[in-house]
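Novice: First residue of the sequence shown: 942, per our numbering; consecutive thereafter. Below you will find the structure I want to go over with you.
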Amino acid sequence: MTLIRSLTALGLSLVLIAPLTSRAADIGGPFSLIDHYGNRVTHESYDSKYLLIFFGYTFCPDICPTELLVMGQALDKLGKDAERIQALFITIDPERDTTEALSRYLPNFHPDLVGLTGTPEEVAKAAKSYRVYFRKGEIATGETTYLMAHSSIVYFMNPDSEYLTHFVLDQNAETLAERIKAILGSD
């Protein structure tokens, strides 16, 4: 049964991700969330910067820390160009990912990474606008923790919050930085 659920989740994520292959894809939109400093922010709070956005959660055992590490290293490789970018980590698990949890977690990856959380409804609305698949896993008998199934895509948005492209987990920091530089150079 678990295999069936996993395959269903994979199929759903592929259906949700498939539209990302088109540059004209309708990805992104307005959001209103709380940053890890406790401030209410919207997509307009970052309107002068390119956005590098990843949706994940702090209890993630593998994909999220790997992706955040690559994002942080890519920002370092960008040099002065990194000043034109705001990297955002938007939680898909607002029940556990409080502002305090995010402020303890994110400095491990990059000092300029900003974490965003909110009510479950606010987070779900933001995730939906980016076509992010996520689902809370089942809690096993005798356990108190859970994992989250989720898509793993890094979105790159222009300063007008318009979708430019996306990156997937198979990118290393150097390749990610090179691809970002190419986009910034053509702007």
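No residue lacks a Cβ here, since even glycine has one placed at the ideal position from N, Cα and C. Values in this document were obtained by computation on a predicted structure and should not be read as measured data.
Look at the alpha carbon of residue 1125 and the alpha carbon of residue 1085, and state the distance between them as a whole number of angstroms.
Specialist: 45 Å
Novice: Going by other Cβ atoms of all chains shown within 10 Å of its Cβ, with 16 needed for buried, is residue 1068 buried or exposed?
Specialist: buried
Novice: Give, in chain order, every unbroken run of the alpha helix (DSSP H) that is at least 4 residues long and sits entirely within the stretch 970-997.
Specialist: none
Novice: Are the beta-carbon atoms of residue 1006 and residue 1035 separated by less than 8 Å?
Specialist: no
Novice: Going by beta carbon distance, what residues of the same chain come within less than 8 Å of residue 998, once the five residues before and after it are set aside?
Specialist: So the qualifying residues of the chain are 1005, 1032, 1033, 1034, 1037, 1038, 1089, 1091.
Novice: When you compare the CB positions of residue 1087 and residue 996, do they come within less than 8 Å of one another, or not?
Specialist: Their beta carbons are not under 8 Å apart, which means residue 1087 does not touch residue 996 by this criterion.
Novice: Around the C-beta of residue 1008, are 16 or more other C-beta atoms found within 10 angstroms, so that it is buried, or is it exposed?
Specialist: buried
Novice: I'd like to know whether the C-beta atoms of residue 994 and residue 1096 end up nearer to each other than 8 Å.
Specialist: yes
Novice: Report the three-state DSSP secondary structure of residue 1057 (helix, strand or coil).
Specialist: strand
Novice: Between the Cα of residue 1159 and the Cα atoms of 986, 967, 975, 980, which residue gives the shortest distance?
Specialist: No statement about residue 1159 is possible, as the shown extent of the chain runs from 942 to 1128 and does not include it.
Novice: Look up residue 1046 in the DSSP assignment and say whether it is helix, strand or coil.
Specialist: The three-state reading of DSSP puts residue 1046 in helix, counting H, G and I together.
Novice: Residue 1109: buried (16+ other C-beta within 10 angstroms of its C-beta) or exposed?
Specialist: Exposed, since its Cβ has fewer than 16 Cβ neighbours within 10 Å.
Novice: Report back the beta-carbon spacing between residue 1047 and residue 1075 to the nearest angstrom; my notes put them in contact at under 8 Å.
Specialist: In fact, because the Cβ distance is near 19 Å, the residues do not count as touching under 8 Å.
Novice: Under 8 Å by Cβ, that's how I've got residue 1102 and residue 992 pegged, so tell me the actual separation to the nearest angstrom.
Specialist: 7 Å
Novice: Closest by CA to residue 1042, which one among 972, 976, 1115?
Specialist: 976
Novice: Could you give the uninterrupted runs of the alpha helix (DSSP H) lying entirely in the stretch 1058-1094, keeping only those of 4 residues or more?
Specialist: Complete alpha helix (DSSP H) runs here, min 4: 1061-1070.
Novice: Which residues in the same chain as residue 1073 place their Cβ atom closer than 6 Å to its Cβ, once the five residues preceding and following it in sequence are excluded?
Specialist: Only 996, 1092 meet the Cβ criterion.
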